[in-house]
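According to mature numbering (1 follows the signal peptide of the UniProt record, and there is no 0), the stretch in the sequence shown is residues -21 to -1, 1 to 149, in order. Below: one structure, written as structure tokens.
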Amino acid sequence: MKNLFLVTLLILFTFSSFSQAFSEKEMLNALNARKIEMDEGNGDGVFKAQHKSTKKWGMYQYMYEGVDTKELVPMEYDSLKFIPYNGAYSVVYNNGKLGLHLSRWSFGDGAKQSVPCLYDEYKRYKVDGSLYIAFSKNGLWGWVDWKTGEEKTEFITKEADDLPYPTYKQ
């Protein structure tokens, strides 16, 4: 009797798993996408999709039923990086320049592109427990408020580590 119960449980689990399996073909159709790349690092159902005609990338989270997804980053970018686990933003790229898109997990409905794609490089700093991000533009570094995109200093140093201590509140 115990074995019959275990076999039945195994069969139900197997059918349940298959019915909720991610169907790449269906997802491509639903999103009008030509390519999908899964975020294998987190296992949270997040993937990037590239639009068929515009070739722009966006990011989505599979909700584990059919083709139900949550848009995390719209299909507006030449490329983008996955949002790190519990991350506050994704790095997005257009025309060879980078910007930031705030994470839906951290900012809810306020998730949006906060830093325009104007910069060449970025470097993160933790200062007194707060995250600050320096950006490079035309070979020079300056501080940019990563939540608003406001340039907080002039771009004056050739190395990010030579920037003056950030004096604005993040």
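Just so it is clear, CB atoms sit at the ideal spot from N, CA and C, and this is done for glycine as well.
As a quick exercise: from Phe61, Tyr64, Pro63, Met38, pick the residue whose alpha carbon is nearest that of Pro53.
Residue numbering aside, residue 53 sits at position 74 when the sequence shown is read from its first letter. When each option's Cα is compared against that of Pro53, the closest is Met38.
Using three-state DSSP, classify Phe86 as helix, strand or coil.
The sequence position of residue 86 within the sequence shown is 107, counting from 1. Three-state result, Phe86: helix.
Between which two residues does the beta strand (DSSP E) harbouring Lys49 extend?
Residue 49 sits at position 70 when you count from the first residue of the sequence shown. Start and end: 48 to 56.
In terms of residues, what are the limits of the alpha helix (DSSP H) holding Asn8?
The count along the sequence shown starts at 1 and reaches residue 8 at position 29. Note, Asn8: alpha helix (DSSP H), 3 to 10.
Going by other Cβ atoms of all chains shown within 10 Å of its Cβ, with 16 needed for buried, is Val27 buried or exposed?
The sequence position of residue 27 within the sequence shown is 48, counting from 1. The sequence shown places Lys at residue 27, not Val. Buried, because 16 or more other Cβ atoms sit within 10 Å of the Cβ of Lys27.
Where does Ala139 sit, in a helix, a strand or coil, going by DSSP?
Here residue 139 is taken as the residue at index 160 of the sequence shown, counted from 1. Helix at Ala139.
Which one or two residues does DSSP pair with Gly121 in a beta bridge?
In the sequence shown, counting from the first residue as 1, residue 121 sits at position 142. Per DSSP, Phe114.
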